[in-house]
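0 is the number of the first residue of the sequence shown in numbering that gives the first Met the number 0; add one for each residue after it.
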Amino acid sequence: MKDRHINGCFIDPGSPWQNGHNESCNGVLRDGYLNRWLFESVREARGATEAWLYEYNGWYRFLGLASTFGALLKTR
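Listed below in structure tokens is the structure:
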């Protein structure tokens, strides 16, 4: 990282509120997906997780855009 002049940002141990976006993503992944399935292999889990992530990113981004668009319409 130093070669690219990038500084690391670290949160304090035991302080998840300092990185709420990551904690939210982890919670959705755990509660909405991982806790619902039993995988027989790491390969199966990786494949299913990639499919879930593709769907999650597409669908939830759409919902976020839809709510933003709706808010814009209400202001006009």
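Don't be surprised by glycine CBs; every beta carbon is placed ideally from N, CA and C.
Under the three-state reduction of DSSP output, TRP36 falls in the coil class, being neither helix nor strand. Cβ atoms of TRP36 and ALA47 come within 8 Å of each other, at about 7 Å.
If you draw a straight line from the Cα of GLU54 to the Cα of ASN34, it comes to about 17 Å. Between the alpha carbons of GLU39 and TYR32 lies a distance of about 15 Å.
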